[in-house]
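Only one structure is covered here, and it is reproduced in the block below.
Numbering (the numbering used here), first residue to last: 39 to 869.
Here is the structure:
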């Protein structure tokens, strides 16, 4: 019987635009079986498509990368991609073997191209595109990639033999993209942005920016001192989040693979890879930004953002900003290690690379809105360059229009509840059946400068700006935009008026006074509905590192505000007698959650269940339920521990699924993972919770406890100290003191362990935990009589408490620690 011919490919649908290549691929590449398209890795740009493919051929059998693209417009550039693969392996063989694709085949039919390559590592099924990773995975891998691009990929970098003008660097990166008719920049500026291409400057959101196109093409009127000695090496040239694959393992040093070398160049000025990546990522992640929001992002990324006015960031801007800043820090760390004596040259080269990347994107065949955003990004980087090099530049010009977005309403620094209304007031959920989930809003006013020098106002504004940024991490708060709150500067208004006009329930106000090199900041949190002060404190510091001081003070203020507002909201909801909203029910549940009695536990469960029923599942309520069920183990209730842990897992999983950006949800998942003895996962979840809300004292506490349970006491201590600093009067203070005592006990610091254990005795939700740490510490101090008295107290309260129950309620702690502490407790009389 004659065998039927096999289909030439299987799996995903073969892209229609490249179907004509299939016969040639099958014939020229001599596959023994069909090509199986298993996964689409990238939608690509300009027609490019990238797939994971399973193949069986003469040269290679396994998973490979199949890329379809259009041939370069210049005939002499083909087959440049094949040549570039080969050259890249020759110039950096070790880096290439670990991170670069290895070319298998390439062919061209007319204007269409197919390239087949493999990757290093365990295989494509163990990797995912960088853009699809979670924040922590993106951050770890991009730091590593940023460093490796310079240390490994460009180990043989060279210094230029002569000095280059800025325009020569820009021309090298951009080629003929600046020249008509290839350049589409004149048309973009004049028709979409409302700016004559030859204007030296333009204004945007009330701030002036230099025109990067004029700067890139000018041939005179620049000081000769702008020439610089540049560094050259190897450039990927087209680096973005979709052509990086990241290993799915949980290693501290993640694997990554670059899957496209079409734009590779040798003997190219460095830093363009970094610049291209950050702008590609920024445009992709913030493509819906309004003018005010885009201006705020550019301001935050600027070297001089502390001196510049601008609207506030949104909460979801902060992740992209941190990733970009991490990449920049890695590059400048390389400069510190290798070219620190040419720091000004290197900073200038990096800034010019960003200008080049911006003009590159502005010249692409993408939407005018995105190209306009790229122009503004380049203008902001060029402004930093001019300031860094003390270049005077005209500061007046026409208004730059960000395409059709200029008519969109202003973004406030919003929480996950949504955007504010146009009047600056927070958007409210529809009050269906009286059960709306309306998160409280907070307004940070401009801090008053009480110093004798009027020019210190920038520092006062810097403090307020940093507080706004830190508060925007708190996912259960809505933060009113800076543009709205700073409009009250110099006016005599009370908190109640601000509450009426902005819809804010809380107002933060402060003063800054400078004396010599000392700074004192006073801050007050006001309940705007009653006008009563909720919290006030004073912070002092030295002006040695002014920006670090601003950040430290802002973090401390935000951490205290986080804890204080939570307490006020819980108490307010508990006392409320009418119009009970979904938010009130959630807060009532949290009030009972913190009281830790059997009755309160049942009340908390009831409220959280009601919230989930009416709200069709809310992340915070599920997270709280996970913590309620798993906390019973600490109270020596271990009979139903497996059942409760299963319930905890169910609710924690739902919490994270409902809101990946809810810090509290990741806290709950961290606790469940630790009780399941999945230590690495637990630590990662706790770290994610902190990344989402750095002001969360509870997230730091859970990370510290996870480190302690993992036999990493020395690492846990500073994390626990940070947690206490963020909320020195919070409901978990005694628990933090006891966990810290536990760490000092294992570190042999027994006096401190005893002091902290005694301070934490009787804390809610601790059961006998504090007494057992104190008892074991006294045994280590050879004070057996005192230790036996403590053990008698434990057994009087918990007569069935024995070694088995102890191990049951401490199940998450590694045996390295539990075996040691049990040995000491037995000496004191533990059955």
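Positions of the beta carbon are idealized from the N, C-alpha and C atoms, including for glycine.
Backbone CA spacing between residue 778 and residue 79 [nearest angstrom]
In the chain shown, the residue the question calls residue 778 occupies position 740. In the chain shown, the residue the question calls residue 79 occupies position 41. Approximately 46 angstroms between the Cα atoms of the pair.
Report the residue from 701, 748, 693, 703 whose alpha carbon sits nearest the alpha carbon of residue 716.
Residue numbering aside, residue 716 sits at position 678 when the chain shown is read from its first letter. It is 748.
Please classify residue 261 as buried or exposed, where buried requires at least 16 other C-beta atoms within 10 Å of its C-beta.
Residue 261 sits at position 223 when you count from the first residue of the chain shown. Exposed, since its Cβ has fewer than 16 Cβ neighbours within 10 Å.
Skipping 5 residues on each side, what residues in its chain have a beta carbon closer than 7 angstroms to that of residue 281?
As a first step, residue 281 is located in the chain shown; it is residue number 243 there, counting from the start. These residues qualify, in order along the chain: 80, 296, 297, 298.
So residue 555 and residue 529 are supposed to be a Cβ contact under 8 angstroms. How far apart are they, rounded?
Mapped onto the chain shown, residue 555 falls at position 517. Mapped onto the chain shown, residue 529 falls at position 491. Actually they do not touch by this definition, with Cβ atoms about 32 angstroms apart.
Can you give me the C-alpha to C-alpha distance between residue 643 and residue 629, rounded to a whole angstrom?
Here the question's residue 643 lines up with position 605 in the chain shown. Here the question's residue 629 lines up with position 591 in the chain shown. For residue 643 and residue 629, the distance between alpha carbons rounds to 11 angstroms.
Label residue 363 either buried or exposed according to how many other C-beta atoms from any shown protein chain fall within 10 Å of its C-beta, with 16 as the threshold for buried.
Taking the chain shown and counting its residues from 1, one reaches residue 363 at position 325. Answer is exposed; the Cβ neighbour count stays below 16.
Taking 8 angstroms as the cut-off, decide whether the C-beta atoms of residue 136 and residue 292 are in contact.
One-based indexing of the chain shown puts residue 136 at position 98. One-based indexing of the chain shown puts residue 292 at position 254. Their beta carbons are not under 8 angstroms apart, which means residue 136 does not touch residue 292 by this criterion.
Are residue 308 and residue 269 close, meaning C-beta to C-beta below 8 angstroms?
In the chain shown, counting from the first residue as 1, residue 308 sits at position 270. In the chain shown, counting from the first residue as 1, residue 269 sits at position 231. Taking C-beta atoms as the reference points, residue 308 and residue 269 count as a pair closer than 8 angstroms.
Bridge partner(s) assigned by DSSP for residue 105
The residue given as residue 105 occupies position 67 in the chain shown. The partner list for residue 105 (beta bridge, DSSP) reads 88, 153.
Please classify residue 379: is it buried, with 16 or more other beta-carbons within 10 angstroms of its beta-carbon, or exposed?
Here residue 379 corresponds to residue number 341 of the chain shown, with the count starting at 1. Exposed: under 16 other Cβ atoms inside 10 Å.
Among the candidates 812, 838, 836, whose CA atom is the shortest distance from the CA of residue 826?
The sequence position of residue 826 within the chain shown is 788, counting from 1. Ranking the options by Cα distance to residue 826, first place goes to 812.
Does the stretch 739 to 753 come into contact with the stretch 702 to 721, if we say contact requires no fewer than three beta-carbon pairs (one atom in each stretch) closer than 8 angstroms?
By the criterion of at least three beta-carbon pairs nearer than 8 angstroms, the stretch 739 to 753 is in contact with the stretch 702 to 721.
Please name the residue in 427, 355, 765 whose C-alpha comes closest to that of residue 384.
Position 346 of the chain shown holds residue 384. For residue 384, the nearest C-alpha among the options comes from 427.
Need the endpoints of the beta strand (DSSP E) that residue 165 sits in, please.
For the purposes of this step, residue 165 is identified with residue 127 of the chain shown, where counting begins at 1. Taken as a continuous stretch (DSSP letters only), the beta strand (DSSP E) holding residue 165 covers 165 to 167.
Could you check the C-alpha separation between residue 411 and residue 527 for me, to the nearest Å?
Indexing the chain shown from 1 puts residue 411 at position 373. Indexing the chain shown from 1 puts residue 527 at position 489. Straight across, the Cα-Cα distance linking residue 411 with residue 527 is about 30 angstroms.
Identify which residue in 386, 166, 218 has its Cα closest to the Cα of residue 279.
In the chain shown, residue 279 corresponds to position 241, counting from 1. That would be 166, whose Cα lies nearest to the Cα of residue 279.
Do the stretch 658 to 669 and the stretch 679 to 693 make contact, defined as three or more Cβ pairs closer than 8 angstroms?
Because the criterion of three Cβ pairs below 8 angstroms is met, the stretch 658 to 669 and the stretch 679 to 693 touch.
Whole-angstrom distance between residue 851 and residue 687, CA atom to CA atom
Taking the chain shown and counting its residues from 1, the one referred to as residue 687 is at position 649. Taking the chain shown and counting its residues from 1, the one referred to as residue 851 is at position 813. Each residue's alpha carbon lies about 18 angstroms from the other.
Pair every Cβ in the stretch 242 to 254 with every Cβ in the stretch 139 to 153, then say whether three or more of these pairs are closer than 8 angstroms.
no
At the level of alpha carbons, what is the spacing between residue 58 and residue 276?
Locating residue 58 in the chain shown gives position 20, where the first residue counts as 1. Locating residue 276 in the chain shown gives position 238, where the first residue counts as 1. Those two C-alpha atoms are separated by around 27 angstroms.
Same chain, Cβ closer than 8 angstroms to residue 854, neighbours up to 5 away in sequence not counted:
As a working mapping, residue 854 is identified with position 816 in the chain shown. So the qualifying residues of the chain are 749.
Is it true that the CB of residue 700 sits closer than 8 angstroms to the CB of residue 657?
For the purposes of this step, residue 657 is identified with residue 619 of the chain shown, where counting begins at 1. For the purposes of this step, residue 700 is identified with residue 662 of the chain shown, where counting begins at 1. Yes, the Cβ-Cβ distance between residue 657 and residue 700 is below 8 angstroms.
Distance CB(residue 560)-CB(residue 576) smaller than 8 angstroms
The residue given as residue 560 occupies position 522 in the chain shown. The residue given as residue 576 occupies position 538 in the chain shown. Yes, these two residues count as a Cβ contact at 8 angstroms.
Is the beta carbon of residue 627 sitting closer than 8 angstroms to the one on residue 661?
Here residue 627 corresponds to residue number 589 of the chain shown, with the count starting at 1. Here residue 661 corresponds to residue number 623 of the chain shown, with the count starting at 1. No, the pair does not count as a contact, with Cβ atoms beyond the cut-off.
Return the CA-CA distance between residue 504 and residue 573, expressed in angstroms with no decimal places.
Locating residue 504 in the chain shown gives position 466, counting from the first residue. Locating residue 573 in the chain shown gives position 535, counting from the first residue. Roughly 19 angstroms separates the two Cα atoms.
Are residue 862 and residue 818 closer than 8 angstroms when you measure CB to CB?
For the purposes of this step, residue 862 is taken as residue 824 along the chain shown, with counting starting at 1. For the purposes of this step, residue 818 is taken as residue 780 along the chain shown, with counting starting at 1. Contact flag set, yes.
Residue 486 - DSSP class collapsed to helix/strand/coil
Position 448 of the chain shown, counting from 1, holds the residue named residue 486. If DSSP states are grouped into helix, strand and coil, residue 486 belongs with the strands.
With DSSP collapsed to three states, give me the class of residue 52.
Numbered from its first residue, the chain shown carries residue 52 at position 14. In the structure shown, the three-state DSSP call for residue 52 is coil.
For residue 469, which residues from the same chain have a beta carbon less than 6 angstroms from its beta carbon, with the 5 sequence-adjacent residues on both sides left out?
Counting from one through the chain shown, the residue named residue 469 turns up at place 431. Because residue 469 carries a pLDDT of 31, less than 50, the predicted location of this residue cannot be relied on, and the following value inherits that uncertainty. Excluding residues within five positions, none has a Cβ falling inside 6 angstroms.
In chain order, which continuous runs of the alpha helix (DSSP H) of length 4 or greater are located wholly inside the stretch 694 to 763?
Listed in chain order, the alpha helix (DSSP H) elements of length 4 or more contained wholly in the stretch 694 to 763 are 701 to 713, 717 to 730, 735 to 747.
When 396, 424, 422 are compared against residue 416, the one with the closest alpha-carbon
Sequence index remark: in the chain shown, residue 416 carries index 378 (1-based). Here the closest residue by C-alpha is 396.
Nearest by alpha-carbon distance to residue 190: which of 624, 198, 372, 497 is it?
By one-based count along the chain shown, residue 190 stands at place 152. Here the closest residue by C-alpha is 372.
Rounded straight-line distance, which links the Cα of residue 104 to that of residue 156
One-based indexing of the chain shown puts residue 156 at position 118. One-based indexing of the chain shown puts residue 104 at position 66. Rounded to whole angstroms, residue 156 to residue 104 spans 9 angstroms at the Cα level.
Taking C-alpha atoms, which residue in 553, 321, 331, 839 lies nearest to residue 405?
Against the chain shown, residue 405 aligns to sequence position 367. Checked all of 553, 321, 331, 839; the closest Cα to residue 405 is 321.
So, are the CB atoms of residue 723 and residue 708 less than 8 angstroms apart?
One-based indexing of the chain shown puts residue 723 at position 685. One-based indexing of the chain shown puts residue 708 at position 670. In this structure, residue 708 lies closer than 8 angstroms to residue 723 by Cβ.
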